[in-house]
Amino acid sequence: MSPKKYTSLHHIQSDLSLGKTSCVDLADYYLNQNEAHKHLNAMLEVFTDEVRAQASVVDRKLKNGTAGKLAGMFLAIKDNICYTGHTVSASSKILGNYEAVFTATALQRLLDEDVIVIGRCNCDEFAMGASNENSAYGAVRNAADSTKVPGGSSGGSAVAVQADLCLAALGSDTGGSIRQPASFTGTIGIKPTYGRISRNGLLAYASSFDQIGPVTGSIEDAALLTQLMAGVDENDATSSSVSVTAYQPDANQKYKIAYSKEAMENEGLANDVKGAYQDLLEKLKADGHTIEERSFPYLEYMVPCYYVLTTAEASSNLSRYSGMLYGQRSEKATDIESTFKKSRSEGFGVEVKRRIMTGTFVLSADEYDAYYAKAQKVRRVIKQESEKILETYDFFLCPTAPTTAFDIGGDMSKDPIKMYLADIFTVQAPLAGLPAISVPTAESDGLSIGMHFMGRAFAENELFNIGSIVSSYYEK
Ligand code: GLN
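Numbered according to our numbering, the sequence shown spans residues 42 to 517.
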């Protein structure tokens with residue numbers, strides 16, 4: 042892959058101010074990149090004309106001194122984030138060419154700072170998946186090896202950054218959908234604290250887990266985008282009013298970090314990932330951080346708990362796609378009931394149907410106590426125990442994913458349980474509502490490996506700081 046033109050906004054803005062480039066030049070560059078990498082299937086749509094027009098507007102603002110903080114940033118958005126007048130399909134046939142009637146709060150806050158939206162990214166249908174193979178519009182390919190998956194569900198967002206189709210992208214994370222693709226593509230991905238960023242305008246998968254977050258090539262861009270999107274929103278009652286502060290790097294800060302005994306001993310952990318994990322622990326120790334092993338004996342309960350709760354929430358959230366109000370209606374429908382049945386049967390893909398059925402089952406009167414109510418209790422234990430670790434330690438560290446990017450259409454794709462287990466290390470943070478970041482640290486056979494830090498609620502800036510410290514160990 043050719044080297045990236047820019048990996049951070051800071052460099053773009055310094056070249057803009059020196060007159061070495063312009064937004065119009067950058068628009069041409071990114072649009073050409075998109076043309077040249079169509080085979081990756083990362084983008085469902087590129088807003089070519091708009092991008093050029095917006096670039097001229099921002100160039101003019103730069104000249105007049107009225108440009109916002111994100112002038113020069115070209116951003117791709119996951120296809121589950123609403124942008125007025127643009128299609129938003131959640132990579133599902135059921136939404137088809139549905140056009141957003143308002144803009145997500147998080148995105149609006151970036152538009153207000155002159156970000157330019159380059160297009161919308163492919164993803165797993167309704168953000169359900171870990172490989173981006175569940176899209177109704179085809180799998181996304183990893184730019185490092187096009188026979189491999191990019192991870193999911195925000196696979197298109199991650200590849201868009203990996204292949205330099207844009208500077209940064211927005212994804213959403215329910216159980217790992219920003220962090221795991223970041224790990225598979227050598228990019229940085231953060232899932233903010235639950236409530237940090239408004240979910241208004243994010244198509245819902247599991248509302249008590251979902252968060253929007255950035256995928257970027259640099260920590261500083263991740264921090265800036267998070268900061269600008271964060272903060273209370275009257276349109277999302279779960280958004281938090283905890284104050285938002287700017288990230289101030291502190292390279293000399295020494296942290297107390299717990300690493301996961303169960304992750305280290307996990308039989309699914311690939312040798313190359315384990316090696317990278319041990320290598321990072323040693324580097325952190327050598328740098329003066331306190332590193333201690335900590336047991337978290339709930340690892341095996343997390344994936345089942347996550348799938349009971351998220352399928353339950355999904356079955357409820359996706360009931361609105363009935364062929365009546367939004368998107369596609371079956372042409373074979375003859376009455377109300379057949380409209381519901383046929384539109385949903387034709388519109389949803391296999392994985393989404395599997396989850397709707399599982400979720401409906403765990404919520405059914407006979408099974409509710411055994412599954413949904415039990416999983417809620419397990420979630421509370423996971424949250425309390427995770428918070429307990431973070432009373433003593435600044436971070437809980439484990440690999441982001443047990444393996445590197447796997448084959449498109451391979452064993453994983455044929456076995457949903459195997460695929461669900463790919464989320465083993467990423468579901469803890471959203472179960473506990475805590476923030477977590479994935480930072481690339483190693484490569485194996487040309488495929489990247491990410492490490493995962495989970496931190497205290499609303500301590501995103503600490504995650505950026507450790508991310509920056511860790512990145513400095515691996516700079517080439
Ligand atoms: N792989 C997980 C799932 O399929 C995570 C998805 C997500 O975070 N949106 O549910």
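Where a beta carbon is used, it is the ideal one built from N, C-alpha and C, also for glycine.
**OP:** Indicate, with yes or no, if ligand 1 has a heavy atom lying under 7 Å from the CB of residue 214.
**Re:** yes
**OP:** Within its chain, find whatever has a CB closer than 7 Å to the CB of residue 334; leave out the 5 residues flanking it on each side and keep chain order.
**Re:** 300 and 302
Original post:
Taking contact to mean at least 3 C-beta pairs separated by less than 8 Å, is the region 417–435 in contact with the region 373–388?
Top reply: no
Original post:
Whose C-alpha, out of 161, 456 and 440, is nearest the C-alpha of residue 313?
Top reply: Of all alpha-carbon atoms in 161, 456 and 440, the one lying nearest the alpha-carbon of residue 313 is that of 440.
Subject >> residue 88, buried or exposed, once every other Cβ within 10 Å from all chains shown has been counted against 16 >> reply: buried
Original post:
Can residue 246 be considered in contact with ligand 3, in the sense that its beta carbon sits closer than 7 Å to one or more heavy atoms?
Top reply: Absent from the structure shown: ligand 3. Ligands present: ligand 1.
**OP:** Assuming residue 368 and residue 135 form a contact by the criterion Cβ under 8 Å, report the distance between their Cβ atoms to the nearest whole angstrom.
**Re:** Residue 368 to residue 135, Cβ: 5 Å. Contact.
**OP:** Leaving aside the five residues before and after residue 45 along the sequence, list all residues of the same chain whose C-beta is less than 8 Å from its C-beta, in chain order.
**Re:** Cβ within range, chain order: 205 and 258.
Original post:
Considering residue 290, what are the terminal residues of the beta strand (DSSP E) in which it resides?
Top reply: Counting along the chain, residue 290 falls outside any beta strand (DSSP E), and DSSP gives it neither H nor E.
Original post:
Under a Cβ-count criterion, where at least 16 other Cβ atoms within 10 Å of its own Cβ denotes burial, should residue 236 be classed as buried or exposed?
Top reply: So residue 236 counts as buried.
**OP:** Hey, could you find the ends of the beta strand (DSSP E) residue 481 is sitting in?
**Re:** 477–485
**OP:** Kindly list the residues whose CB is nearer than 7 Å to the CB of residue 294, restricted to its own chain and excluding five residues on each side of it in sequence; keep chain order.
**Re:** 506
Subject >> For residue 493, three-class secondary structure by DSSP >> reply: When DSSP states are grouped into helix, strand and coil, residue 493 belongs to the strand group.
Subject >> Within 8 Å, strictly: CB atoms of residue 190 and residue 228 >> reply: no
Subject >> residue 515 versus residue 327: straight-line alpha-carbon distance, rounded >> reply: 14 Å
Original post:
Do residue 232 and residue 196 have their C-beta atoms within less than 8 Å of each other?
Top reply: no
Original post:
What's the C-alpha gap between residue 413 and residue 114?
Top reply: Across the structure, residue 413 and residue 114 are spaced so that their CA atoms are roughly 43 Å apart.
Original post:
If we call anything under 8 Å between Cβ atoms a contact, is residue 266 one with residue 209?
Top reply: yes
Subject >> Range of the contiguous alpha helix (DSSP H) that encloses residue 509 >> reply: 501–514
Subject >> Backbone secondary structure at residue 259 - three-state DSSP >> reply: In the structure shown, residue 259 sits in coil (DSSP, three-state: anything other than H, G, I, E or B).
**OP:** Taking 8 Å as the cut-off, decide whether the C-beta atoms of residue 285 and residue 272 are in contact.
**Re:** yes
Original post:
So who's on the other strand from residue 40, going by DSSP bridges?
Top reply: Because the chain here runs from 42 to 517, residue 40 falls outside it and cannot be looked at.
Original post:
Is DSSP giving residue 428 helix, strand or coil here?
Top reply: helix
Original post:
Within the present structure, is the beta-carbon of residue 217 separated from the nearest heavy atom of ligand 1 by less than 7 Å?
Top reply: Yes - ligand 1 has a heavy atom lying nearer than 7 Å to the Cβ of residue 217.
Original post:
Between the Cα of residue 511 and the Cα atoms of 345, 431, 434 and 318, which residue gives the shortest distance?
Top reply: Taking only the C-alpha atoms, the option nearest residue 511 is 318.
Original post:
Looking at the unbroken alpha helix (DSSP H) that takes in residue 347, where does it start and where does it end?
Top reply: Residues 340–358.
Original post:
Can you check whether the CB of residue 212 is closer than 8 Å to the CB of residue 351?
Top reply: no
Original post:
Could you give the residue range of the beta strand (DSSP E) that holds residue 335?
Top reply: 331–335
Subject >> Rounded separation between residue 92 and residue 151 - CA only >> reply: 15 Å
**OP:** Tell me whether the beta-carbon of residue 171 lies closer than 8 Å to the beta-carbon of residue 488.
**Re:** no
Subject >> Cutoff 7 Å; reference residue 480; Cβ partners in own chain excluding five residues on either side >> reply: Correct list, in chain order: 229, 491, 492, 508, 511 and 512.
Original post:
Run through DSSP, which three-state label would residue 120 get?
Top reply: In this structure, residue 120 counts as coil in the three-state DSSP scheme.
Subject >> Those residues which DSSP pairs with residue 161 across a bridge >> reply: 86 and 118
Subject >> residue 399: CB within 7 Å of a non-hydrogen atom of ligand 1 >> reply: no
Original post:
Heavy atom of ligand 1 less than 7 Å from the Cβ of residue 169, yes or no?
Top reply: Correct: residue 169 has its Cβ closer than 7 Å to ligand 1.
Subject >> Test item: CB-CB of residue 464 and residue 391 under 8 Å >> reply: no
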